[in-house]
């Protein structure tokens, strides 16, 4: 059966489509970016159909609604598409054509998407939580910065506890006190949203027992557990622990090129991956730091042994993070509780 490779350059209003078959563009169209119009176009194409769109805000929505209309739906990483980004000429029609060519050649890196609505809702609420936490930190930094501009040192308990602010503000100049009161409105609003979101996360997490199992690990609390679960989605995505480490930003990649004056290959250099999901990296590295800081657990003991053997603290921390993540991955695959023998 003939395979039609469809490249779709998507924006919020219109989608440019190009169909490539046997190395030639056999059809083009420009349709509104809605499910009905795109479904009609896909229905007009015969034979086997594979479509590709670049990762973006609308990619997940398109994947969930159009996946059943084609034999294969690919969401690709746009940072890898050098043929498109480095081409001399660039417009929507050219991009759609190039996407179809890259799909036919197998030169795309796929981005994972799920069609599970409950998992998607959990991921969205977790993302909202992290966004609101960043907003709260930003509001606190603004408060502290404003106070420093006027030579005032504001205690941490005053920042976060509304009941203590009134008495403290009496010792501050009226104009400054009024400005701080206005700024506190923003902080209190965000803090209230954070509390509401945490309750919703706790409610949704109960549907997934593995999140509760992970909380038994040293350094893994409820937010870190649900963050790792929401963004990793399923353990079967990763063929081995090394791929999981790299995805979370704690794996190493080797750089080697050329040879020395004697013709021998130069020794490779190991570096951490920079292009990673920072929420995942922050969660697992935070878990490693917390586990190391606790009095007695296998991860802290392993860290101490590495330091005694001359391993640098940074490398030791990343090794502990990889060990914790591997244990979590194994628990997830077997759906078992934490036991120190797993370490």
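In UniProt numbering, the protein residues as written are 1 to 343. For every residue, glycine included, the Cβ atom is placed at its ideal position computed from N, Cα and C.
Bridge-paired residues (DSSP) for residue i
{"i": "residue 14", "result": "32"}
{"i": "residue 26", "result": "According to DSSP, which records beta bridges pairwise, residue 26 is partnered with nothing at all."}
{"i": "residue 252", "result": "272"}
{"i": "residue 110", "result": "76"}
Through-space distance from residue j to residue i, alpha-carbon basis
{"i": "residue 225", "j": "residue 20", "result": "44 angstroms"}
{"i": "residue 323", "j": "residue 36", "result": "48 angstroms"}
{"i": "residue 128", "j": "residue 280", "result": "15 angstroms"}
{"i": "residue 102", "j": "residue 108", "result": "6 angstroms"}
{"i": "residue 252", "j": "residue 149", "result": "44 angstroms"}
{"i": "residue 2", "j": "residue 47", "result": "6 angstroms"}
{"i": "residue 222", "j": "residue 144", "result": "29 angstroms"}
{"i": "residue 162", "j": "residue 297", "result": "38 angstroms"}
{"i": "residue 346", "j": "residue 326", "result": "Because the chain spans 1 through 343 in this model, residue 346 falls outside it and cannot be assessed."}
{"i": "residue 141", "j": "residue 54", "result": "36 angstroms"}
{"i": "residue 93", "j": "residue 27", "result": "11 angstroms"}
{"i": "residue 117", "j": "residue 188", "result": "31 angstroms"}
{"i": "residue 230", "j": "residue 174", "result": "47 angstroms"}
{"i": "residue 381", "j": "residue 264", "result": "Coverage of the chain is limited to positions 1 through 343, which leaves residue 381 absent and any answer about it impossible."}
{"i": "residue 278", "j": "residue 105", "result": "31 angstroms"}
{"i": "residue 131", "j": "residue 6", "result": "35 angstroms"}
{"i": "residue 214", "j": "residue 308", "result": "29 angstroms"}
{"i": "residue 305", "j": "residue 233", "result": "33 angstroms"}
Three-state secondary structure assigned by DSSP to residue i
{"i": "residue 76", "result": "strand"}
{"i": "residue 8", "result": "strand"}
{"i": "residue 21", "result": "strand"}
{"i": "residue 48", "result": "strand"}
{"i": "residue 126", "result": "helix"}
{"i": "residue 311", "result": "coil"}
{"i": "residue 164", "result": "helix"}
{"i": "residue 218", "result": "coil"}
{"i": "residue 54", "result": "strand"}
{"i": "residue 319", "result": "helix"}
{"i": "residue 3", "result": "strand"}
{"i": "residue 265", "result": "strand"}
{"i": "residue 173", "result": "coil"}
{"i": "residue 200", "result": "helix"}
{"i": "residue 247", "result": "helix"}
{"i": "residue 283", "result": "helix"}
{"i": "residue 41", "result": "helix"}
{"i": "residue 235", "result": "helix"}
{"i": "residue 118", "result": "helix"}
{"i": "residue 336", "result": "coil"}
{"i": "residue 71", "result": "coil"}
Cβ-Cβ separation, residue j to residue i (assumed contact under 8 angstroms), whole Å
{"i": "residue 4", "j": "residue 69", "result": "Rounded, the Cβ-Cβ distance is 12 angstroms, inconsistent with contact."}
{"i": "residue 34", "j": "residue 17", "result": "About 13 angstroms separates the two Cβ atoms, so there is no contact after all."}
{"i": "residue 111", "j": "residue 75", "result": "5 angstroms"}
{"i": "residue 152", "j": "residue 172", "result": "7 angstroms"}
{"i": "residue 8", "j": "residue 99", "result": "7 angstroms"}
{"i": "residue 210", "j": "residue 332", "result": "5 angstroms"}
{"i": "residue 248", "j": "residue 227", "result": "Not a contact, Cβ separation roughly 11 angstroms."}
{"i": "residue 329", "j": "residue 218", "result": "So it is not a contact: roughly 16 angstroms between Cβ atoms."}
Close Cβ partners of residue i (< 6 angstroms) along its chain, the five nearest in sequence each way excluded
{"i": "residue 177", "result": "169"}
{"i": "residue 238", "result": "244"}
{"i": "residue 192", "result": "none"}
{"i": "residue 345", "result": "Here the chain covers residues 1 to 343 and nothing more, so residue 345 does not appear."}
Spatial neighbours of residue i in its chain, beta-carbon cut-off 7 angstroms, leaving aside the 5 residues before and after
{"i": "residue 133", "result": "194"}
{"i": "residue 320", "result": "288, 291, 292, 299, 302, 303"}
{"i": "residue 64", "result": "115"}
Close Cβ partners of residue i (< 8 angstroms) along its chain, the five nearest in sequence each way excluded
{"i": "residue 58", "result": "10, 12, 33"}
{"i": "residue 184", "result": "143, 162, 165"}
{"i": "residue 66", "result": "35, 38, 39, 42, 51, 73"}
{"i": "residue 125", "result": "197, 200, 201, 204"}
{"i": "residue 25", "result": "18, 19, 97, 100"}
{"i": "residue 337", "result": "213, 216, 331"}
{"i": "residue 317", "result": "285, 288, 289, 292, 303"}
Any C-beta of chain C under 7 angstroms from that of residue i
{"i": "residue 211", "result": "The structure shown contains no chain C; it holds only a single protein chain."}
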